[in-house]
Amino acid sequence: MEWANLSGTNLTGADLNRADLIYARLLSAKLIDADLTGANLQNADLSWVDLENATLASADLRGANLKQVNLS
Numbered sequence: 182m183e184w185a186n187l188s189g190t191n192l193t194g195a196d197l198n199r200a201d202l203i204y205a206r207l208l209s210a211k212l213i214d215a216d217l218t219g220a221n222l223q224n225a226d227l228s229w230v231d232l233e234n235a236t237l238a239s240a241d242l243r244g245a246n247l248k249q250v251n252l253s
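With the working numbering applied, the sequence shown covers 182 to 253.
Dropping the structure here:
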């Protein structure tokens, strides 16, 4: 899903384990309780994303835009 535009989507509880989301646009997406274990989010735009209780173990966030991300 490289370069995917998932802005504004509701991905609550989604299984994105090891997903390839390089350069993806996820602006204002809801990823509450999502599993992003080992996901590749290099250079992804995660501005205003809600990652409440999301699992980010071993996720690659190099170069990702994390402006105003909710990690609580």
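For glycine and all other residues, C-beta sits at the position ideal for the given N, C-alpha and C.
Is residue i buried or exposed, if buried means 16 or more other CB atoms sit within 10 Å of its CB?
i	result
A238	exposed
D196	exposed
N186	exposed
Taking C-beta to C-beta, are residue i and residue j nearer than 8 angstroms?
i	j	result
L212	A235	yes
N251	D231	yes
T190	A215	no
E233	Y204	no
How big is the Cα-Cα spacing for residue i and residue j?
i	j	result
D241	L217	10 angstroms
N219	D201	Contrary to the premise, residue 219 reads as Gly rather than Asn in this sequence. Spanning the two alpha carbons is a distance of roughly 9 angstroms.
R199	S253	22 angstroms
N221	N246	13 angstroms
A210	Q249	12 angstroms
Exercise for review: With a floor of 3 residues, list each beta strand (DSSP E) that falls wholly inside the segment 227–251, ordered by position along the chain.
Suggested key: none
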